[in-house]
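*Asks:* My structure is below; once you've seen it, I'll send some questions.
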Amino acid sequence: MLNQNPLWRYIVVIGMLLVALLYALPNLYPEDPALNISATRGGKVEEVTRAQLERSFSDANIAAKSVVLENGQILARFNSTEDQLQAREIANQQLGGNYITALNLAPATPDWLAAIGASPMKLGLDLRGGVHFLMAVDMKAALDKNLNDMVQTFRTDLREEKIRYRSVQVDLARSQVQLSLRNVEDVAAAEAALKQRDRELIFTAGADELTLLVSISDIRLKEIREYALEQNITIIRNRVNEIGVAEPLVQRQGADRIVVQLPGVQDTAQAKEILGATASLEFRLVDDEGDISAALDGRVPPNAELYYSRDGRPVLLEKRVMLTGEHITGASSGFDEYSRPQVNIKLDAKGGNMLSAATRDSIGRRMASVFIEYKPGTEIGADGNPVLIKQQEVINDATIQARLGRDFRITGISSPGEAQNLATLLRAGALIAPIQIIEERTIGPSLGKENIDLGVTAIQWGMVAVLVFMVIYYKAFGLVANLALVVNLVLIVGVMSMIPGATLTLPGMAGIVLTVGMAVDANVLIFERIREELADGRSVQQAIHHGYDRAFATIADSNFTTLLVALILFGIGTGPVKGFAVTLAIGILTSIFTAVVGTRLIVNLVWGGRRVQSLPI
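Reminder that position 368 of the sequence shown reads as 1562 in the working numbering, one-by-one numbering, no gaps.
Written as structure tokens, this is what we have:
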């Protein structure tokens, strides 16, 4: 007979529902107000520190749910935000400036659910609260760095081609590299050799016949800007993940902007501390022949620069950069044979070859590690933002004992905590260009809770209105549609919880409300088609069969066009628009499943395959 389903189909559908329900369960457990404590330069998180904090909380009558040490960080959970804020004051007083104490929200998912990978939905900034930053990438610094790299490359290339030159200097004001050759033949030979190695360089004559000016083509300029932006996004994301901020959002905005959202983090100052680690590393040879006293008086040799170590000692270094931090692929802190802190460095293949070539003829000389940070100054630039100041210091200089390769170490670091922090920064990567925060916003958890309450209320009222209408208008079949609607909501929550990159925002909750209406719309099409089939004189079983089959084409067509719009919104939208698109797309797929497959199974189970004279529709 018609309208009979095999047992395996019921088992599959019930199994899918149970899986979705299982992964939706963590959303019933509210998050705990928490403190996330990690070390900065000079600090180190140890078990002793954790025990001291736990005792301090107890002495202050703060009931901490748990204080645990995980992955080199302390996570303290509390019952209320009042206890959380009071505990932060105690932690700041006890730990001092060597630690970052960030307010956060920690998931309270039971261990048995966490063991199978179940976790609550990721909430956006408008629902969970947190901090929002808009950061600008200094594209001029990226271009200047590329020009300085070109100087080193040109010198190497000219030496390999045995072309004599007087000087190779960079003109940052004009974004050019100036080559001064010895004769006219060398000018022609240099242009031919360099042009052969790089076709995107533009060569022009200088002020005299022995000067050659080299600039970068527009295509290369665009590539430099794109690379700087995309690489900085990757590095910032890595650094935020290294420090342990839960579910951060780091994405591009425009030509030179990066949006960073840290849900659950409520302390803007501490978030800036996290993102302010705009450090990079350079390795240079020490100029042993230079006169330090003359350099201090302002007479610095033309091929050298004056730096200072952390203890204020002047160090004269060569201008030529042997290696930059962008080639570092791994870094870990440890101790040398004398139990002194050190950082073990791993380079990529290109970086290993560069360092090997640079140290081949430098055994016995000293190599210095230069730590570079960019911090906003007091001067305001033409764009209205503070001008970044480049701060450089020598963290160590050691004698090269042998030719270096892809693995080497940095010694002379003052403390294990400083070594650990430096390793974290290097492991996350060196920024291609400095960045600065040009906009910041903080959304409190109370506002996020209010948004959640309002969104849930809207969903509830929408559900109630639809449920009542369906029962009144379609009777028993309306109850079937209502059951499918509830299942659809469970599926949406379960799928949203399972997808790693899915984030629920306030517009996303609007997408769920819209999905509720669209889901019942599919059932309306099916039920009306069944009514038409019955009115045409079909039997009950034929009416059910043709009603579902013939309505499916209309349902699929209308939902496919809406799904296409959702995918377009997800592709070109950002932030709230993406959140709406995600819930809308998931809701469309689950509503088709519940309306077409789910209700048909129930209808077939109750009325299918039997001699029924009429339907309660």
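We put the CB at the ideal spot given by N, CA and C, even for glycine. What you are looking at is a predicted structure, and each value in this text was computed from that prediction instead of being measured.
Starting from F1251, follow its DSSP beta bridges and name the residues at the other end.
*Replies:* Within the sequence shown, the letter at position 57 stands for residue 1251. Bridge partners of F1251: none, in fact.
*Asks:* Verify whether the separation of the beta carbon atoms of E1573 and Q1585 is less than 8 Å.
*Replies:* Looking up residue 1573 in the sequence shown gives position 379. Looking up residue 1585 in the sequence shown gives position 391. Cβ atoms of E1573 and Q1585: not closer than 8 Å.
*Asks:* According to the neighbour-count rule (16 or more other Cβ atoms, all chains shown, within 10 Å of its Cβ), is W1202 buried or exposed?
*Replies:* For the purposes of this step, residue 1202 is taken as the residue at position 8 of the sequence shown. When all chains shown are included, W1202 counts as exposed.
*Asks:* Three or more C-beta pairs under 8 Å: does that hold for the stretch 1303-1321 against the stretch 1351-1358?
*Replies:* Verdict: no, contact absent.
*Asks:* On a Cα-Cα basis, can you pick out the residue from D1380, Y1217, N1426 that is closest to Q1447?
*Replies:* Numbered from its first residue, the sequence shown carries residue 1447 at position 253. When only C-alpha atoms are compared, the closest one is N1426.
*Asks:* Tell me whether D1482 is buried or exposed, calling it buried when 16 or more other Cβ atoms sit within 10 Å of its Cβ.
*Replies:* Residue 1482 sits at position 288 when you count from the first residue of the sequence shown. Exposed: under 16 other Cβ atoms inside 10 Å.
*Asks:* For my contact list, I1594 and R1559 are in at a C-beta cut-off of 8 Å; report their separation, rounded to the angstrom.
*Replies:* For the purposes of this step, residue 1594 is identified with residue 400 of the sequence shown, where counting begins at 1. For the purposes of this step, residue 1559 is identified with residue 365 of the sequence shown, where counting begins at 1. The pair is a contact, with the Cβ atoms about 6 Å apart (cut-off 8 Å).
*Asks:* Taking the alpha-carbon of G1318 as reference, which of F1397, E1241, V1444, D1555 has the nearest alpha-carbon?
*Replies:* In the sequence shown, residue 1318 corresponds to position 124, counting from 1. For the residues F1397, E1241, V1444, D1555, the minimum Cα distance to G1318 belongs to V1444.
*Asks:* Which residues share a DSSP beta bridge with S1232?
*Replies:* The count along the sequence shown starts at 1 and reaches residue 1232 at position 38. Looking at the DSSP assignment, S1232 forms a beta bridge with I1294.
*Asks:* Below 8 Å between beta carbons: does that hold for V1660 and G1741?
*Replies:* For the purposes of this step, residue 1660 is identified with residue 466 of the sequence shown, where counting begins at 1. For the purposes of this step, residue 1741 is identified with residue 547 of the sequence shown, where counting begins at 1. Against a cut-off of 8 Å, the Cβ pair of G1741 and V1660 comes out as no contact.
*Asks:* Specify the secondary structure class of Y1502 as computed by DSSP and reduced to three states.
*Replies:* Numbered from its first residue, the sequence shown carries residue 1502 at position 308. Looking at Y1502 - three-state DSSP - the assignment turns out to be strand.
*Asks:* Alpha carbon to alpha carbon, how far is G1236 from E1644?
*Replies:* The residue given as residue 1236 occupies position 42 in the sequence shown. The residue given as residue 1644 occupies position 450 in the sequence shown. Low confidence applies to G1236: its pLDDT is 45, below 50, so where it sits in the model is not reliable, and the reading given next is rough at best. Approximately 40 Å, taken between the alpha carbons.
*Asks:* When the distance is taken between beta carbons, is D1338 closer than 8 Å to L1366?
*Replies:* For the purposes of this step, residue 1366 is taken as residue 172 along the sequence shown, with counting starting at 1. For the purposes of this step, residue 1338 is taken as residue 144 along the sequence shown, with counting starting at 1. Taking 8 Å as the Cβ cut-off, L1366 and D1338 qualify as a contacting pair.
*Asks:* Quick check: what's the CA-CA separation for V1240 versus V1371?
*Replies:* Taking the first residue of the sequence shown as position 1, residue 1240 is located at position 46. Taking the first residue of the sequence shown as position 1, residue 1371 is located at position 177. One point to set straight first is that residue 1240 is Glu, not Val, in the sequence displayed. Their backbone Cα atoms lie some 51 Å apart in a straight line.
*Asks:* Could you pull out every unbroken beta strand (DSSP E) segment of at least 3 residues lying fully inside the stretch 1347-1406, listed in chain order?
*Replies:* You should have 1359-1365, 1370-1375, 1395-1399.
*Asks:* Is the stretch 1785-1796 touching the stretch 1766-1777, taking contact as three or more C-beta pairs under 8 Å?
*Replies:* No contact exists between the stretch 1785-1796 and the stretch 1766-1777.
*Asks:* Is it true that the stretch 1601-1610 meets the stretch 1530-1544, where meeting means three or more beta-carbon pairs spaced less than 8 Å apart?
*Replies:* Short answer: they touch.
*Asks:* Take the Cβ of S1361 as the centre, count every other Cβ of all protein chains shown within 10 Å, and call the residue buried at 16 or more, exposed below.
*Replies:* One-based indexing of the sequence shown puts residue 1361 at position 167. The residue is exposed, with fewer than 16 neighbouring Cβ atoms inside 10 Å.
*Asks:* Going by other Cβ atoms of all chains shown within 10 Å of its Cβ, with 16 needed for buried, is E1264 buried or exposed?
*Replies:* Within the sequence shown, numbered from 1, the residue matching residue 1264 stands at position 70. Answer is exposed; the Cβ neighbour count stays below 16.
*Asks:* Using 10 angstroms around the beta-carbon of K1544, count the other beta-carbons present and answer buried if the total reaches 16, otherwise exposed.
*Replies:* The residue you call residue 1544 lines up with position 350 of the sequence shown. Result: exposed.
*Asks:* May I have the straight-line CA-CA distance separating D1392 from D1343, to the nearest angstrom?
*Replies:* Position 198 of the sequence shown holds residue 1392. Position 149 of the sequence shown holds residue 1343. Distance between the alpha carbons of D1392 and D1343 is about 14 Å.
*Asks:* Contact check, T1303 vs P1227 under 8 Å by CB: the rounded distance?
*Replies:* In the sequence shown, the residue the question calls residue 1303 occupies position 109. In the sequence shown, the residue the question calls residue 1227 occupies position 33. Going by Cβ atoms, the distance from T1303 to P1227 rounds to 16 Å, so no, they are not a contact pair.
*Asks:* Is the CB-CB distance between A1296 and A1281 below 8 Å?
*Replies:* Taking the sequence shown and counting its residues from 1, one reaches residue 1296 at position 102. Taking the sequence shown and counting its residues from 1, one reaches residue 1281 at position 87. Not closer than 8 Å, so no.
*Asks:* With distances taken between CB atoms, is the gap from A1716 to A1789 smaller than 8 Å?
*Replies:* Within the sequence shown, residue 1716 is the residue found at index 522, counting from 1. Within the sequence shown, residue 1789 is the residue found at index 595, counting from 1. The answer is yes: Cβ separation under 8 Å.
*Asks:* Sorted by chain position, which residues of the same chain lie with C-beta nearer than 6 Å to S1260's C-beta, five sequence neighbours on each side aside?
*Replies:* Translated into the one-based positions of the sequence shown, residue 1260 becomes position 66. R1271.
*Asks:* Could you pull the DSSP bridge partners for R1603 from this structure?
*Replies:* Here residue 1603 refers to the residue found at position 409 of the sequence shown. For R1603, which the question treats as bridged, DSSP gives the partners N1538.
*Asks:* For the beta strand (DSSP E) holding I1629, just list the boundary residues, first then last.
*Replies:* On the sequence shown, residue 1629 is found 435 positions in, with the first residue counted as 1. Run containing I1629: 1629-1637, per the beta strand (DSSP E) assignment.
*Asks:* How long is the line joining the alpha carbons of V1364 and L1783, rounded to whole angstroms?
*Replies:* Taking the first residue of the sequence shown as 1, we reach residue 1364 at position 170. Taking the first residue of the sequence shown as 1, we reach residue 1783 at position 589. Near 58 Å, if we compare the C-alpha coordinates of L1783 and V1364.
*Asks:* Hey, G1767 and L1700 are a contact pair by Cβ (cut 8 Å); roughly how many whole angstroms apart?
*Replies:* Locating residue 1767 in the sequence shown gives position 573, counting from the first residue. Locating residue 1700 in the sequence shown gives position 506, counting from the first residue. The pair is not a contact, with the Cβ atoms about 14 Å apart (cut-off 8 Å).
*Asks:* From what residue to what residue does the alpha helix (DSSP H) around F1327 run?
*Replies:* Residue 1327 sits at position 133 when you count from the first residue of the sequence shown. Element bounds for F1327: not the alpha helix (DSSP H) but the beta strand (DSSP E), 1324-1331.
*Asks:* Is it buried or exposed for F1327, if we count other Cβ within 10 angstroms and need 16 for buried?
*Replies:* If you number the sequence shown from 1, residue 1327 lands on position 133. It counts as buried.
*Asks:* Within 10 angstroms of the Cβ of A1747, are there 16 or more other Cβ atoms? Answer buried if so, exposed if not.
*Replies:* The sequence position of residue 1747 within the sequence shown is 553, counting from 1. A1747 is exposed by the Cβ-count criterion.
*Asks:* Who are the Cβ neighbours of V1331 in its own chain at under 7 Å, not counting the five residues just before and after it?
*Replies:* In the sequence shown, residue 1331 corresponds to position 137, counting from 1. If we look at V1331 and ignore the five residues flanking it on each side, its Cβ neighbours are A1422, L1423, N1426, D1450, I1452, A1627, I1629.
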